[in-house]
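Residue numbers (our numbering): 5 to 467.
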């Protein structure tokens, strides 16, 4: 069994390496041509900085796949959360240096794009820790059926890798793909309409602030999707339809809750957060629209997790195609009409269409979520109450405190108002029993909160 699995992993690593090196070569050697297509040849080092990540891709793909193949999702989940956190941290750190240590947009862009490579290194270190933690031979102890022991041909593996793996990679990179559409259109459209190049670059830079904000808001959603994957896969494999439906419903409930709270919370403290991270509060309207992507993208990732556990990759691929088509099709028109606000609208619309298509494919599960007692009403009420209270405090302090130019105070106020929002959300959640006991257990420290502050739920076992 160990020999067959080793052979399979070697073939998969070879395929992943060929794909990774191929993409690296295209981006690194063709960076000049790509920068020219984007309308700014000075973007060459920025494009090249993205390419290095693909050399690390094979190591992440194989180590994560090894553990996922034996229904052990914890290593993958932790590495994904670490990767997300490190990526956002690097981007925010680079943004904080802009204007002092870093003086131009191209240097900032190069280091911001390098965040993916740096994050991948940390993710690989996490996976290596779990590999070393295994027995002396990491493949010992796995039970593989005779069918699974048969090593497929290289061609068959390549086709599956390209289709299934490609779908997963594209879905995971959906925000990057949308950003790629922006790179080829926003600056070009703005300058074509007569805007000075420097002004267009400045507006594009402000618009790009939305990317790390959305990545930051999605951290919790990505963690939940990953943690549910082994349970979903196991229930589907064993044919436990009711358990699969219950888990899927629970995953979507929790993802929708935390993504709504993250989105509304970020909107409520946006002036302070914008100033703390980027030095000023420019682009408020553009970023307000952009951060709504947190909700759409988080729900998309959860629905993809459900489809992936059922091996229904065509559904994800179709939704992905629809979303990118809407983004690409509306971007030029919206940017021409509304500037960078139009790009934010196109991003939100593209993700919304993608989410709706995936929801249509998961109609039975979505019906279960929407008809789950008064969950949607409670969620809307709690989120609305939190948003109103925090917004009044946040925007009131913004207009009357006179601290708009202090990044340090902006950071302090961001933390304070974020904590207030979390407390209000948790209080509402506990008071109106938004989550079941099973769901609370899956939240870090949730069991402690439930024991100290929770109320007795009625019919919890049936939810």
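All residues carry an ideal CB built from backbone N, CA and C; glycine is no exception.
- Item | Span of the alpha helix (DSSP H) around residue 3 | The chain is shown only over 5 to 467; residue 3 falls outside these bounds and no answer can be derived.
- Query: Whose C-alpha, out of 258, 112 and 134, is nearest the C-alpha of residue 213?
  - Reply: Residue mapping note: residue 213 aligns to position 209 of the chain shown, counting from 1. Minimum Cα distance to residue 213 is reached at 112.
- Identify the continuous alpha helix (DSSP H) that holds residue 52 and give its terminal residues. Here residue 52 is taken as the residue at index 48 of the chain shown, counted from 1. Here the alpha helix (DSSP H) through residue 52 covers 48-55.
- Query: With a cut-off of 8 Å, do at least 3 Cβ pairs link the segment 249-264 to the segment 213-227?
  - Reply: yes
- Message: I'd like the list of long-range same chain contacts for residue 252, defined as Cβ closer than 7 Å, with 5 residues on each side in sequence excluded.
- Response: Numbered from its first residue, the chain shown carries residue 252 at position 248. For residue 252, where only same-chain residues beyond five positions count, the Cβ hits under 7 Å are 236, 310 and 369.
- Could you check what DSSP says for residue 128 in three-state terms: helix, strand or coil? As a first step, residue 128 is located in the chain shown; it is residue number 124 there, counting from the start. Helix at residue 128.
- Query: How many Å lie between residue 78 and residue 301 at the Cα?
  - Reply: By one-based count along the chain shown, residue 78 stands at place 74. By one-based count along the chain shown, residue 301 stands at place 297. If you take the alpha carbons of residue 78 and residue 301, they lie about 22 Å apart.
- Message: Between which two residues does the alpha helix (DSSP H) holding residue 45 run?
- Response: For the purposes of this step, residue 45 is taken as residue 41 along the chain shown, with counting starting at 1. Where residue 45 is concerned, there is no enclosing alpha helix (DSSP H), given that its DSSP letter is neither H nor E.
- Query: Is it right to say residue 24 is buried, meaning 16 or more other beta carbons lie within 10 angstroms of its own, or is it exposed?
  - Reply: Taking the chain shown and counting its residues from 1, one reaches residue 24 at position 20. The residue in question, residue 24, is buried, as its Cβ has 16 or more Cβ neighbours within 10 Å.
- Does the pairing of the segment 37-46 with the segment 9-22 give three or more beta-carbon distances under 8 Å? no
- Query: How long is the line joining the alpha carbons of residue 208 and residue 344, rounded to whole angstroms?
  - Reply: The sequence position of residue 208 within the chain shown is 204, counting from 1. The sequence position of residue 344 within the chain shown is 340, counting from 1. Taking the straight line joining both Cα atoms gives about 7 Å.
- Query: Taking the C-alpha atoms as reference points, what is the distance between residue 327 and residue 334?
  - Reply: Within the chain shown, residue 327 is the residue found at index 323, counting from 1. Within the chain shown, residue 334 is the residue found at index 330, counting from 1. Using only the alpha carbons, I get a separation of about 11 Å.
- Query: Which residue comes first and which comes last in the alpha helix (DSSP H) that contains residue 269?
  - Reply: Here residue 269 refers to the residue found at position 265 of the chain shown. Here the alpha helix (DSSP H) through residue 269 covers 245-272.
- Message: Quick test of your reading: residue 127 and residue 83, contact by CB under 8 Å. State the CB separation rounded to the nearest angstrom.
- Response: Counting from 1 along the chain shown, the entry for residue 127 is found at position 123. Counting from 1 along the chain shown, the entry for residue 83 is found at position 79. With a Cβ gap of about 4 Å, residue 127 and residue 83 count as contacting.
- Of the choices 26, 199 and 275, whose alpha-carbon is the least far from that of residue 418? As a first step, residue 418 is located in the chain shown; it is residue number 414 there, counting from the start. The candidate whose alpha carbon is nearest that of residue 418 is 275.
- Query: If we ignore side chains and look at the alpha-carbon of each, how far apart do residue 95 and residue 455 end up?
  - Reply: As a first step, residue 95 is located in the chain shown; it is residue number 91 there, counting from the start. As a first step, residue 455 is located in the chain shown; it is residue number 451 there, counting from the start. The alpha-carbon atoms of residue 95 and residue 455 are separated by roughly 38 Å.
- Task: Could you work out which residue in 353, 366, 166 and 319 is closest to residue 248 when comparing CA atoms only?
- Result: Position 244 of the chain shown holds residue 248. It is 366.
- Candidates 444, 210 and 396: closest to residue 288 by CA position: Within the chain shown, the letter at position 284 stands for residue 288. Out of 444, 210 and 396, 210 has the C-alpha closest to the C-alpha of residue 288.
- Query: Between residue 298 and residue 218, is the Cβ-Cβ spacing less than 8 Å?
  - Reply: To locate residue 298, count along the chain shown from 1; it is residue 294. To locate residue 218, count along the chain shown from 1; it is residue 214. Closer than 8 Å, so yes.
- Task: Classify residue 388 as buried or exposed, calling it buried when 16 or more other Cβ atoms lie within 10 Å of its own Cβ.
- Result: In the chain shown, counting from the first residue as 1, residue 388 sits at position 384. Counting Cβ neighbours within 10 Å, residue 388 comes out exposed, since fewer than 16 surround it.
- Task: Use the C-beta contact count for residue 98: other C-beta atoms within 10 angstroms, 16 or more gives buried, fewer gives exposed.
- Result: Counted from its first residue, the chain shown places residue 98 at position 94. Buried, since its Cβ has 16 or more Cβ neighbours within 10 Å.
- In terms of alpha-carbon separation, which member of 272, 338, 93 and 238 lies closest to residue 216? As a position in the chain shown, residue 216 is number 212, starting the count at 1. Nearest of 272, 338, 93 and 238 to residue 216, Cα basis: 93.
- Message: Closer than 8 Å is the cut-off here; do at least three beta carbon pairs connect the segment 367-386 with the segment 412-426?
- Response: no
- Query: Distance, Cα to Cα, residue 325 vs residue 167?
  - Reply: The sequence position of residue 325 within the chain shown is 321, counting from 1. The sequence position of residue 167 within the chain shown is 163, counting from 1. So the two alpha carbons sit approximately 14 Å from each other.
- Task: Report back the beta-carbon spacing between residue 185 and residue 331 to the nearest angstrom; my notes put them in contact at under 8 Å.
- Result: Here residue 185 refers to the residue found at position 181 when the chain shown is read from its first residue. Here residue 331 refers to the residue found at position 327 when the chain shown is read from its first residue. Contact holds; Cβ gap of about 5 Å.
- Task: Give the DSSP-derived three-state secondary structure of residue 192 in the structure shown.
- Result: Within the chain shown, the letter at position 188 stands for residue 192. DSSP places residue 192 in helix when its eight states are reduced to three.
- Query: Ordered along the chain, which non-local residues of its own chain (more than five positions away) have a Cβ less than 7 Å from that of residue 226?
  - Reply: Taking the first residue of the chain shown as position 1, residue 226 is located at position 222. Excluding residues within five positions, the ones whose Cβ falls inside 7 Å are 84, 85, 88 and 305.
- Where residue 83 falls: helix, strand or coil (DSSP): Looking up residue 83 in the chain shown gives position 79. If DSSP states are grouped into helix, strand and coil, residue 83 belongs with the helices.
- Distance CB(residue 53)-CB(residue 91) smaller than 8 Å: As a first step, residue 53 must be located in the chain shown, where it is residue number 49. As a first step, residue 91 must be located in the chain shown, where it is residue number 87. Not a contact, by the Cβ cut-off of 8 Å.
- Message: Taking the alpha carbon of residue 257 as the reference point, which residue from 21, 338, 383 and 234 has its own alpha carbon closest?
- Response: Along the chain shown, one-based indexing puts residue 257 at 253. Among 21, 338, 383 and 234, the Cα nearest to that of residue 257 is on 383.
- Message: Just to check my reading of the structure: residue 205 and residue 109 have Cβ atoms closer than 8 Å, yes? What is that Cβ distance to the nearest angstrom?
- Response: Position 201 of the chain shown, counted from the start, is the residue given in the question as residue 205. Position 105 of the chain shown, counted from the start, is the residue given in the question as residue 109. Right, the Cβ-Cβ distance comes to about 6 Å (below 8 Å), so this counts as a contact.
- Item | Inter-residue Cα distance where the pair is residue 156 and residue 318 | One-based indexing of the chain shown puts residue 156 at position 152. One-based indexing of the chain shown puts residue 318 at position 314. Distance between residue 156 and residue 318, taken at the CA atoms: about 22 Å.
- Task: Measure from the alpha carbon of residue 233 to the alpha carbon of each residue in 76, 396 and 278, then state which is nearest.
- Result: Here residue 233 is taken as the residue at index 229 of the chain shown, counted from 1. Checking every option, the nearest Cα to that of residue 233 belongs to 76.
- Query: For the alpha helix (DSSP H) that contains residue 219, what are its first and last residues?
  - Reply: Numbered from 1 along the chain shown, position 215 holds the residue referred to as residue 219. In the DSSP assignment, residue 219 falls within the alpha helix (DSSP H) that extends over 214-221.
- Item | Every unbroken alpha helix (DSSP H) inside the segment 263-351 [4 residues or more] | 274-282, 288-294, 297-313 and 317-342
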